[in-house]
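Enquirer: Residue numbers (the working numbering): 1 to 84.
Below is one structure. I have some questions about it.
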């Protein structure tokens with residue numbers, strides 16, 4: 001479909017924002033993800049790569065949801081500002 005074979009990526013949903021933050025820190029500590037968290041409106045999303053190069057995504061319901069918001073890909077979550 002997008003040149004990555006039969007499977008583009010897989011997504012997992014975190015149970016809570018606390019679980020999402022724990023997963024995010026663990027992925028970052030292992031160099032599998034950067035600090036960018038996307039705000040899609042209803043969900044926050046973090047992308048990562050496994051050791052074989054497969055792309056994965058962890059998402060969670062957005063606790064900071066603004067009703068009616070539907071942000072385009074690439075919208076940084078205000079909760080996770082860029083690190084200096």
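All C-beta atoms in this analysis are idealised placements derived from N, C-alpha and C, irrespective of residue type, glycine included.
Predicted model, so just to flag it, every value in this text is computed and none were measured.
Looking only at its own chain, which residues have a Cβ that is under 8 Å from the Cβ of residue 65, when we skip the five neighbours before and after it?
Expert: These residues qualify, in order along the chain: 41 and 42.
Enquirer: Between residue 85 and residue 10, what straight-line distance do the alpha-carbon atoms span, to the nearest angstrom?
Expert: No answer is possible for residue 85: it lies beyond the span of the chain, which begins at 1 and ends at 84.
Enquirer: DSSP beta-bridge partners for residue 38?
Expert: 45 and 76
Enquirer: Apart from the five residues just before and just after residue 45, which ones in its own chain have a Cβ nearer than 6 Å to its Cβ?
Expert: 38, 57 and 59
Enquirer: Taking the alpha-carbon of residue 88 as reference, which of 13, 78 and 55 has the nearest alpha-carbon?
Expert: Any question about residue 88 goes unanswered here, given that the chain covers just 1 to 84.
Enquirer: Reducing DSSP to helix, strand and coil, say where residue 25 ends up.
Expert: Of the three classes helix, strand and coil, the one that applies to residue 25 here is helix, per DSSP.
Enquirer: With a threshold of 6 Å on Cβ separation, who are the neighbours of residue 71 within its own chain once the five nearest residues in sequence on each side are excluded?
Expert: 39, 40 and 41
Enquirer: Using the Cα positions of residue 14 and residue 74, report the straight-line distance between them to the nearest angstrom.
Expert: 20 Å
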